Structures are given as C-alpha cells and as structure tokens.
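Contents: one structure, followed by commentary.
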Amino acid sequence: MSYADYSPLIRGLTWDGTSGLLVQYSENQIENAQIIELSSGLSLSDALSVLRPVFANLNGKFPAALNVAGAGAYLLGSRLNKLGKLQDSDTQIRRAAGMVAVVTGGAQGFGETLVRGLFSEGAVVAIADMNFDGAQSLAASLNTEAGEERAFACRVNVADEVSVCRLLVDR
30 MSYADYSPLI RGLTWDGTSG LLVQYSENQI ENAQIIELSS GLSLSDALSV LRPVFANLNG
90 KFPAALNVAG AGAYLLGSRL NKLGKLQDSD TQIRRAAGMV AVVTGGAQGF GETLVRGLFS
150 EGAVVAIADM NFDGAQSLAA SLNTEAGEER AFACRVNVAD EVSVCRLLVD R
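Taking my numbering, the leading residue of the sequence shown gets 30, the next gets one more, and so forth.
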C-alpha cells in the first residue's frame, strides 16, 4: 500500500455513520503525534485489521495527528482553514457539522449558551435577536476564535410576523 491508500482508510475509521474526519498526508513525521506501528507491505485488509482496534479504543476522540510507521504521517481534522490546511485541535467528530441553526434571542443569556454550544459542535449559526449589536459582537467573537465565518447576526423581532418573514427571506 502507498501513503495515498491510507488516507481514505483512516477517514473511514473515523466515520460515525454521518461524517468522518478529513485526513491529510504529510511527508514529514509530526512531532507529538500518536504512533501506530505497521509492517511494510501489508495488504489493505491486513492494515485495516491492525488499525480498526486502535481506532475503536479511542471512543470517538481521535488524535490530531498520526505517524504510521511505514506509511507516513497524517493530520486529522474536521475542517480546513483559509489556507486549505486542516485545523482543529479537538478532533472529536462534531455532531452539528454541516447543519444550520437559527437561534432567536441568541445574543445573550440562554440563547447565547445555545449559540455557543451549536457553534462548538460545528453548526453554522444565525444569531437572530432584536439586540443586533449584541448578535454582531457574539458572531464576530465566535468567528475570530474559530478562524472561519460560521456565525451570523440577524435582526429579528419574533413578535412581528414581517420581521420573521424578512429573516427567512434575507438569509
């Protein structure tokens, strides 16, 4: 097997039935990465039989990097940064990745807690609130911290039907 054969194999081992981590090959060994020993010249099924129990014992909490002896080094992550490189120091599979959430009253209090939880689980979050300045501030803070734009501020008054319709049409 070549190094290219291991990337989809490793991604498959992170699959939870909904999504798997992105896997990127690195020519250089990665410092502080988990090390997995494989004999050279293994078939795909033999490599899988060695790797499957290793990944099963991780209980869904995967390392950010692996050095696979004889097969190279691999970065694991749930998203790419703006440079096209994997990022995510916490590579636990995110339950809300790829989903969109609208949280009314999301600029503060209980709504803010919901926004932060959904955002940390990978969702794109619309922070819908009459407190538009607070929604903008929270979105900017989350996006800066994550290094990507997945939180958006929306002005809405849920007691006003036109305002709610505008929220749904404008976004």
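Ideal Cβ placement from N, Cα and C applies to all residues, glycine included.
These numbers were taken from a predicted model, which means no experiment stands behind them.
(request) Using the Cα positions of I64 and L167, report the straight-line distance between them to the nearest angstrom. (result) As a position in the sequence shown, residue 64 is number 35, starting the count at 1. As a position in the sequence shown, residue 167 is number 138, starting the count at 1. One alpha carbon belongs to I64, the other to L167, and they sit about 39 Å apart.
(request) Classify F139 as buried or exposed, calling it buried when 16 or more other Cβ atoms lie within 10 Å of its own Cβ. (result) Position 110 of the sequence shown holds residue 139. For F139, the number of other beta carbons within 10 angstroms of its own is below 16, and it is reported as exposed.
(request) Using a threshold of 9 Å, state whether the C-beta atoms of L104 and S55 are closer than that. (result) Here residue 104 refers to the residue found at position 75 of the sequence shown. Here residue 55 refers to the residue found at position 26 of the sequence shown. Yes, they are a contact pair.
(request) Consider the Cβ of G41: report whether some Cβ of chain C lies at a distance smaller than 9 Å. (result) The structure shown contains no chain C; it is built from a single protein chain.
(request) Measure the C-alpha to C-alpha separation of F148 and L80 and round it to an integer number of angstroms. (result) Within the sequence shown, numbered from 1, the residue matching residue 148 stands at position 119. Within the sequence shown, numbered from 1, the residue matching residue 80 stands at position 51. Taking the straight line from one Cα to the other gives about 31 Å.
(request) Using a threshold of 9 Å, state whether the C-beta atoms of E66 and A98 are closer than that. (result) Locating residue 66 in the sequence shown gives position 37, where the first residue counts as 1. Locating residue 98 in the sequence shown gives position 69, where the first residue counts as 1. Yes, the Cβ-Cβ distance between E66 and A98 is below 9 Å.
(message) Rounded to the nearest angstrom, what separates G151 and I39 at their Cα positions?
(response) Walking along the sequence shown from the start, residue 151 turns up at place 122. Walking along the sequence shown from the start, residue 39 turns up at place 10. Their backbone Cα atoms lie some 21 Å apart in a straight line.
(request) Just mark A76 as buried or exposed, buried being the case when its beta carbon has 16 or more other beta carbons within 10 Å. (result) For this step, residue 76 is matched to residue 47 along the sequence shown. Result: buried.
(message) On the criterion of 16 or more Cβ atoms from any shown chain inside 10 Å, does G134 qualify as buried, or is it exposed?
(response) Walking along the sequence shown from the start, residue 134 turns up at place 105. Classification for G134: buried.
(request) Kindly list the residues whose CB is nearer than 6 Å to the CB of R184, restricted to its own chain and excluding five residues on each side of it in sequence; keep chain order. (result) The count along the sequence shown starts at 1 and reaches residue 184 at position 155. Counting only Cβ-Cβ distances below 6 Å, and skipping sequence neighbours, we find F161.
(request) Can you grab the Cα-Cα spacing for the pair T120 / W44, in whole Å? (result) Reading the sequence shown from its first residue, position 91 is the one you call residue 120. Reading the sequence shown from its first residue, position 15 is the one you call residue 44. In this prediction, T120 scores a pLDDT of 45, lower than 50, which makes its location untrustworthy; the coordinate-derived value is nonetheless stated afterwards. Looking at the two C-alpha atoms, the distance is approximately 12 Å.
(message) Quick check on the DSSP output: the beta strand (DSSP E) that includes N96 runs from which residue to which?
(response) Within the sequence shown, residue 96 is the residue found at index 67, counting from 1. Looking at the DSSP string, the run of the beta strand (DSSP E) that includes N96 is 94-98.
(message) Could you tell me the alpha carbon to alpha carbon distance between V193 and A126, rounded to whole angstroms?
(response) Reading the sequence shown from its first residue, position 164 is the one you call residue 193. Reading the sequence shown from its first residue, position 97 is the one you call residue 126. As the crow flies, the alpha-carbon of V193 is around 25 Å from that of A126.
(request) Could you spell out where the beta strand (DSSP E) holding F181 opens and where it closes? (result) For this step, residue 181 is matched to residue 152 along the sequence shown. Run containing F181: 180-184, per the beta strand (DSSP E) assignment.
(request) Output the boundary residues of the beta strand (DSSP E) element that contains L71. (result) If you number the sequence shown from 1, residue 71 lands on position 42. Premise fails: L71 is in no beta strand (DSSP E) and is neither H nor E.
(request) Could you check the C-alpha separation between G106 and E190 for me, to the nearest Å? (result) As a position in the sequence shown, residue 106 is number 77, starting the count at 1. As a position in the sequence shown, residue 190 is number 161, starting the count at 1. Roughly 41 Å separates the two Cα atoms.
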